[in-house]
Amino acid sequence: MLLLTLTACAVGPYADTPTYKLAETRTTAARQLNEALAFDAIGVSEVAADELKLTWHEYRNITAKRKQLIDRELDFRKIYSIGRPEQPGELWELNVYASGGTVTFNFKEGEDAAKAEAALRRLMQPLTEAEQKAFSNS
Numbered sequence: 002m003l004l005l006t007l008t009a010c011a012v013g014p015y016a017d018t019p020t021y022k023l024a025e026t027r028t029t030a031a032r033q034l035n036e037a038l039a040f041d042a043i044g045v046s047e048v049a050a051d052e053l054k055l056t057w058h059e060y061r062n063i064t065a066k067r068k069q070l071i072d073r074e075l076d077f078r079k080i081y082s083i084g085r086p087e088q089p090g091e092l093w094e095l096n097v098y099a100s101g102g103t104v105t106f107n108f109k110e111g112e113d114a115a116k117a118e119a120a121l122r123r124l125m126q127p128l129t130e131a132e133q134k135a136f137s138n139s
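Structure follows, in C-alpha cells:
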C-alpha cells in the first residue's frame, strides 16, 4: 500500500514540481516571499511583504502598446487556498485564491514559484497567541 502511494506521487501532475519547506516563523516566510517575487516574478515590482500582508505594483496591459501600473495588496488572512505551481507554457504560474479574486504570479523558475508557495502557505496560517500579542503591540 505504501509503495503504491509513493509511486502515485511520483507519477501525478505535480511530479516535476519543486517543493519548498514551510518556514518556521512568519518573519522568515515574509522574507522568502519578498525574495521570490522580487527576483523572479514577471510583471511585478516594488514588492513589500510583512507578516500580515503583501503589497506590490503590477503592470497590466491596457492595449497592445500601453501598460498601466496598478497598486495591489493581499491580506494573508483572506486567502482561501493556494494552487501548486504549474508550468503550462514557458513560465511557472502560482494561483492564489483570496476573497477579492484570484491572483496569478508568473515565475521564470519553478524553485522560486515553490518558494513563494511555501511562504504564502505559512503566512496564511492563523496567528498564534504570541504572534497576536507581538503584532498588536507594534
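Residue numbers (this note's numbering): 2 to 139.
Where a beta carbon is used, it is the ideal one built from N, C-alpha and C, also for glycine.
Since we're looking at a predicted model, the values are computed, not measured.
CB-CB under 6 Å to residue i, same chain, minus the five flanking residues each way: which ones, in chain order?
{"i": "Gln-88", "result": "none"}
{"i": "Ser-100", "result": "Lys-79"}
{"i": "Ile-43", "result": "Asn-107"}
{"i": "Gln-126", "result": "none"}
Please name the residue, chosen from the options, that lies closest to residue i on a Cα-to-Cα basis.
{"i": "Leu-124", "options": "Pro-19, His-58, Glu-25, Asn-96", "result": "Glu-25"}
{"i": "Asp-76", "options": "Leu-70, Arg-122, Phe-108, Glu-130", "result": "Arg-122"}
{"i": "Val-97", "options": "Asp-72, Asp-41, Arg-67, Leu-55", "result": "Leu-55"}
In whole angstroms, what is the alpha-carbon distance linking residue i and residue j?
{"i": "Leu-53", "j": "Thr-20", "result": "23 Å"}
{"i": "Glu-132", "j": "Ser-82", "result": "22 Å"}
{"i": "Lys-22", "j": "Phe-136", "result": "24 Å"}
{"i": "Asp-105", "j": "Arg-61", "result": "Before going on, a small fix: residue 105 reads as Thr here, not Asp. Distance between the alpha carbons of Thr-105 and Arg-61 is about 12 Å."}
{"i": "Leu-95", "j": "Ala-50", "result": "17 Å"}
{"i": "Ala-65", "j": "Glu-130", "result": "49 Å"}
{"i": "Lys-134", "j": "Leu-92", "result": "40 Å"}
{"i": "Arg-32", "j": "Asp-72", "result": "20 Å"}
{"i": "Ala-120", "j": "Val-45", "result": "17 Å"}
Bridge partners for residue i per DSSP, in chain order?
{"i": "Glu-87", "result": "Glu-94"}
{"i": "His-138", "result": "For the sequence presented, residue 138 should be read as Asn rather than His. According to DSSP, Asn-138 bridges with nothing at all."}
In chain order, what residues of the same chain lie with their CB nearer than 8 Å to the CB of residue i, ignoring the 5 residues before and after it?
{"i": "Lys-68", "result": "Tyr-60, Arg-61, Asn-62"}
Below 7 Å CB to CB, which residues in the same chain sit around residue i once its five sequence neighbours on both sides are set aside?
{"i": "Glu-47", "result": "Trp-57, His-58"}
Review point. Below 8 Å, can you find three or more Cβ-Cβ pairs linking the segment 29–38 to the segment 107–116?
Key: Judged by Cβ distances under 8 Å, the segment 29–38 makes contact with the segment 107–116, as three or more pairs qualify.
Check your understanding: Is the number of C-beta pairs between the segment 100–113 and the segment 27–34 that are closer than 8 Å three or more?
Key -> At 8 Å Cβ cutoff, the stretches do not touch.
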